[in-house]
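Q: Residue numbers (my numbering): 635 to 1538. C-beta: ideal position from N, C-alpha, C; glycine also.
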């Protein structure tokens, strides 16, 4: 079979490849998706928050310096040894914060003082912006302290307790930019409360004065505070009375390798076990970190890993169900290929099958024979499918790490499906072998007369009705996250399959009609028409299969592109631009801010349209800058945004120019805000506008113009309303904008990005699910090539005699090759046209019923991707030429003399 029927061999191998690809991809895809979710949650929590920390309050600055240093070193080494057992924990970071009351004074001018917080932290200088100086055995102070005390590197300063005690002189090694003016970073997460103000109107805490542990211990010892009870506690948590500091040992999550969900769970178990050991008073950890004099005797491991895992499972739950549904669909496509290969195995060897039937072979025996013949291609296809699954998930999947257990599960699934594929080949071969029997053939013929395409169309209408009655996005049972309903997936498949079957019969009927007048055509077209008109079952089957496969491809590509476009449009429309900052009235960004911005004032539900009393939101925009920032799609309005907003400042006769999403706003309407009413003039009607919600219509005005018009009638400025909210919309790279805002002296106090709106579990579930649907579409494209191979194999075997006669009658090689290329081209053209038509119709219907953010306009956008469709057309043209050339080459290699002798 390997040499005589290469098309059949390739078909069986391709079917097994797709079967193994789909089955083994599932656990690896879920593992990769969960790894991405774990990574995102660790990024949000920070690697220090997701790691572990152990904090205790111990004495510092005692008389026995060497003993104190030795105890600290033993504790740190014990902590390092324990966390080294977990590969996903990085090198420990140790912090010592002597929370003592002190003042920092200038030696040159003691009247100048500044409050500072004395801190030692591993690698602290590497995580600040150094302005001046270099590392030594002195102190590092912030630029605030340096400016207040007129200090420079190399100067000396005085640290003095406020209630007496010894004053200590220290040398300044360097000056760094105060951390309260810098963006928050994971490294400083432990000290966020000691660095940043608690609210937008609060003053920042005292800046940090950085030194190593030995220097801090020496300063405390020189102050001689242990016998001064009026100095208070050195620790915020009041765990030790005097002469103490807060020691914290942290082990952040390592950045070396991405963490899978299973590894994150192992890490949590490790932390729980370490915490149990800390609570065991007989353990080495407790003896080192316990404190019999402290109010709280039991040390404890702190970590946010449980929250990371909980949020990851929330994000993962809505993905698994839809992916399982798509897995089932992919398995069905793969099984269809294998079943078709079994059928073609009998069809391409019709003479051999008839001879075996005449000799008394039973269908069971032939089925076993078919299973044995399919063993090698199925095994090879399964191995290739598993390998391809590993490559595709890593190259085109969610992008996360794949756990080794998921790879093992994928391999196990692929192996378990080998006997399923073999049994299917044997079963289908046995069924088609029964056609050799007249009685069985008559019974099977009844099935061929059933109008299967019509039944599939009726079934698709049933699922369409279900789709219309219920949303295409079904609510998850556990966490409320969304996923596609089964109707959303079954409707397009059945609809395209039914339409393809009916179109194939019309296609074949058209060629039968052309056959009567084909004599006047050239030899290539003559052969094309007669072959397609005469091979009813083969041509109808090929066109139906190709149209279904290509229809799934068209549907999948259109759905994914439309969903991604819709979600992006909704998020940008909701935010206004890429980033939205809630600000104070009149607040703007500096002129040198590197991204374009615009100021917007929102009056939610404060506008009333008269007559009628419709409640609306009012958006007051800067008409000169909003068009350069706000997101706009041509479907939102009748003109570009710039053209629309240019009409807003043109107030005439006391009328306020407005853009409105409310159709009830007419030319004689008025706008009332807080009891003050002015006439309006609608200068443009729009379906959606940036910053709007679906709760209420929105009225858009120019900020300067609305103030002017209301003041003309003696009313106050409506933008000063108590419920007015000021916003700044910014366009550009999201990360760059967020980093830039962190460096602004007076930044917005709340920042929302369009990326954050898109990055919620329900939206991620829908996008990831239809990403898998794209893979199914690629599998459908593979099905087209496989079906073509089987078609050419079967048709050439049945045409060998007619080809020999045609060559004897003068048919040249070029004409024969052209006829084969035209034959495949005609079938592909017709099937692709059917796929485009009905695949796009199905996608249009489904898109209108899939709204992942129903509370945010606009309605779902229908966006077919043109480029993939053009690429597919080119690929089909290439396949037609190559397939025709290969079939012609195979025909040329046939022994024509032997064929004619056998035919005679």
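(1) So residue 999 is in the alpha helix (DSSP H); what residue range does that whole segment cover?
(2) If we count Cβ pairs, one from each stretch, closer than 8 angstroms, do we get three or more for the region 1363 to 1373 versus the region 1209 to 1225?
(3) Given this structure, state the Cα-to-Cα distance separating residue 647 from residue 938, to the nearest angstrom.
(4) Counting pairs of beta carbons, one from the region 1022 to 1031 and one from the region 654 to 662, are three or more of them closer than 8 angstroms?
(5) Can you say whether residue 893 is buried or exposed, counting buried as having 16 or more other CB atoms within 10 angstroms of its CB?
(6) Between the Cα of residue 1287 and the Cα atoms of 1302, 1356, 1277, 1522, which residue gives the shortest distance?
(7) Hey, out of 917, 737, 720, 1482, whose CA is closest to residue 1193's CA?
(8) DSSP on residue 767, reduced to helix/strand/coil?
(9) Could you tell me the alpha carbon to alpha carbon distance between residue 1376 and residue 816, rounded to whole angstroms?
(10) Three or more beta-carbon pairs under 8 angstroms between the region 1468 to 1476 and the region 1488 to 1495, yes or no?
(11) Could you have a look at residue 1363 and say whether DSSP puts it in helix, strand or coil?
(12) Kindly indicate which three-state DSSP category residue 1266 falls into: helix, strand or coil?
(13) Would you mind working out which of 687, 852, 807 sits nearest residue 700, comparing C-alpha positions?
(14) Taking the alpha carbon of residue 1317 as the point to measure from, which residue in 1178, 1280, 1188 has its own alpha carbon closest?
(15) According to DSSP, simplified to helix, strand and coil, what is residue 1186?
(16) Short of 7 angstroms in beta carbon distance, which residues of its chain neighbour residue 1389, apart from the five on each side in sequence? Order them along the chain.
(17) Note down, in chain order, each residue of its chain lying with its Cβ closer than 7 angstroms to the Cβ of residue 679, except the 5 sequence neighbours on either side.
(18) Answer with buried or exposed for residue 1147, where buried requires no fewer than 16 other C-beta atoms within 10 angstroms of its C-beta.
(19) Three-state secondary structure (DSSP) at residue 941?
(20) Taking the C-alpha atoms as reference points, what is the distance between residue 1178 and residue 976?
(21) Would the beta-carbon of residue 621 fall within 9 angstroms of that of residue 1019?
(22) Let me check understanding here. Comparing Cα to Cα, which of 772, 1182, 1088, 814 lies closest to residue 836?
(23) Can you name, in chain order, every residue of its own chain whose Cβ lies under 8 angstroms from the Cβ of residue 831, other than the five neighbours on each side?
(24) Taking only the alpha-carbon atoms, compute the straight-line gap between residue 909 and residue 902 and give it to the nearest angstrom.
(25) List, from N- to C-terminal side, the beta strand (DSSP E) runs of 3 residues or more that fit wholly inside the region 1204 to 1253.
(26) Assuming residue 1250 and residue 1378 form a contact by the criterion Cβ under 8 angstroms, report the distance between their Cβ atoms to the nearest whole angstrom.
(27) Skipping 5 residues on each side, what residues in its chain have a beta carbon closer than 7 angstroms to that of residue 1000?
(28) Below 8 angstroms, can you find three or more Cβ-Cβ pairs linking the region 1456 to 1472 to the region 1082 to 1099?
(29) Decide if residue 1360 is buried, meaning its Cβ has at least 16 other Cβ atoms within 10 Å, or exposed.
(30) Within the continuous alpha helix (DSSP H) that includes residue 918, where are the two ends?
(31) With residue 808 as the anchor, note down where its alpha helix (DSSP H) starts and where it stops.
(32) Grouping DSSP H, G and I as helix and E and B as strand, with all else coil, what is residue 843?
(33) Can you give me the C-alpha to C-alpha distance between residue 664 and residue 950, rounded to a whole angstrom?
(34) Taking the alpha-carbon of residue 934 as reference, which of 1494, 758, 688 has the nearest alpha-carbon?
(35) Is it buried or exposed for residue 1235, if we count other Cβ within 10 angstroms and need 16 for buried?
(36) On the three-pair Cβ rule with 8 angstroms, is the region 755 to 774 touching the region 816 to 826?
A: On the basis of the coordinates in this document:
(1) Locating residue 999 in the chain shown gives position 365, where the first residue counts as 1. Looking at the DSSP string, the run of the alpha helix (DSSP H) that includes residue 999 is 997 to 1030.
(2) yes
(3) Residue mapping note: residue 647 aligns to position 13 of the chain shown, counting from 1. Residue mapping note: residue 938 aligns to position 304 of the chain shown, counting from 1. Going from the Cα of residue 647 to the Cα of residue 938 covers about 48 angstroms.
(4) yes
(5) Residue 893 sits at position 259 when you count from the first residue of the chain shown. By the 10 Å Cβ count, residue 893 comes out buried.
(6) One-based indexing of the chain shown puts residue 1287 at position 653. The shortest Cα separation from residue 1287 among 1302, 1356, 1277, 1522 belongs to 1302.
(7) In the chain shown, counting from the first residue as 1, residue 1193 sits at position 559. Looking at the Cα atoms, 1482 is the closest of the given residues.
(8) Within the chain shown, numbered from 1, the residue matching residue 767 stands at position 133. Residue state, collapsed to three classes: strand.
(9) Indexing the chain shown from 1 puts residue 1376 at position 742. Indexing the chain shown from 1 puts residue 816 at position 182. The straight-line gap from Cα to Cα measures roughly 7 angstroms.
(10) no
(11) For this step, residue 1363 is matched to residue 729 along the chain shown. In the displayed model, residue 1363 falls within a strand according to three-state DSSP.
(12) On the chain shown, position 632 is the one that residue 1266 refers to. The answer is coil: DSSP assigns residue 1266 none of H, G, I, E or B.
(13) As a first step, residue 700 must be located in the chain shown, where it is residue number 66. Minimum Cα distance to residue 700 is reached at 852.
(14) Counted from its first residue, the chain shown places residue 1317 at position 683. The shortest C-alpha separation from residue 1317 is found at 1280.
(15) Taking the chain shown and counting its residues from 1, one reaches residue 1186 at position 552. Judged by DSSP in its simplified three-state form, residue 1186 adopts helix.
(16) Indexing the chain shown from 1 puts residue 1389 at position 755. Closer than 7 angstroms at the Cβ level, and outside the excluded window around residue 1389, lie 1368.
(17) The residue given as residue 679 occupies position 45 in the chain shown. Excluding sequence neighbours, residue 679 sits near 938, 941, 942.
(18) As a working mapping, residue 1147 is identified with position 513 in the chain shown. Residue 1147 should be labelled exposed.
(19) Position 307 of the chain shown holds residue 941. In this structure, residue 941 counts as helix in the three-state DSSP scheme.
(20) The residue given as residue 1178 occupies position 544 in the chain shown. The residue given as residue 976 occupies position 342 in the chain shown. Within the model, the alpha-carbon separation for residue 1178 versus residue 976 is close to 18 angstroms.
(21) Since the first residue shown for the chain is 635 and the last is 1538, residue 621 is missing from the structure and cannot be characterised.
(22) For the purposes of this step, residue 836 is identified with residue 202 of the chain shown, where counting begins at 1. Checking every option, the nearest Cα to that of residue 836 belongs to 814.
(23) Against the chain shown, residue 831 aligns to sequence position 197. For residue 831, where only same-chain residues beyond five positions count, the Cβ hits under 8 angstroms are 814, 837, 838, 839.
(24) Counting from one through the chain shown, the residue named residue 909 turns up at place 275. Counting from one through the chain shown, the residue named residue 902 turns up at place 268. Using only the alpha carbons, I get a separation of about 10 angstroms.
(25) 1213 to 1217, 1231 to 1244
(26) In the chain shown, the residue the question calls residue 1250 occupies position 616. In the chain shown, the residue the question calls residue 1378 occupies position 744. Rounded, the Cβ-Cβ distance is 33 angstroms, inconsistent with contact.
(27) Along the chain shown, one-based indexing puts residue 1000 at 366. Leaving aside the five residues that flank residue 1000 on each side, the residues in its chain whose CB is nearer than 7 angstroms to its CB run, in chain order, 990, 1063, 1064, 1067.
(28) no
(29) For the purposes of this step, residue 1360 is taken as the residue at position 726 of the chain shown. It counts as buried.
(30) Along the chain shown, read from residue 1 onward, the residue named residue 918 stands at position 284. Per DSSP, residue 918 belongs to the alpha helix (DSSP H) from 918 to 923.
(31) Stepping through the chain shown from its first residue, residue 808 is reached at position 174. Here residue 808 belongs to no alpha helix (DSSP H); instead the beta strand (DSSP E) covers 802 to 810.
(32) Counted from its first residue, the chain shown places residue 843 at position 209. Three-state DSSP puts residue 843 in a strand.
(33) Stepping through the chain shown from its first residue, residue 664 is reached at position 30. Stepping through the chain shown from its first residue, residue 950 is reached at position 316. Taking the straight line joining both Cα atoms gives about 8 angstroms.
(34) Locating residue 934 in the chain shown gives position 300, counting from the first residue. Considering only alpha carbons, the answer is 688.
(35) Position 601 of the chain shown, counted from the start, is the residue given in the question as residue 1235. Buried, because 16 or more other Cβ atoms sit within 10 Å of the Cβ of residue 1235.
(36) yes
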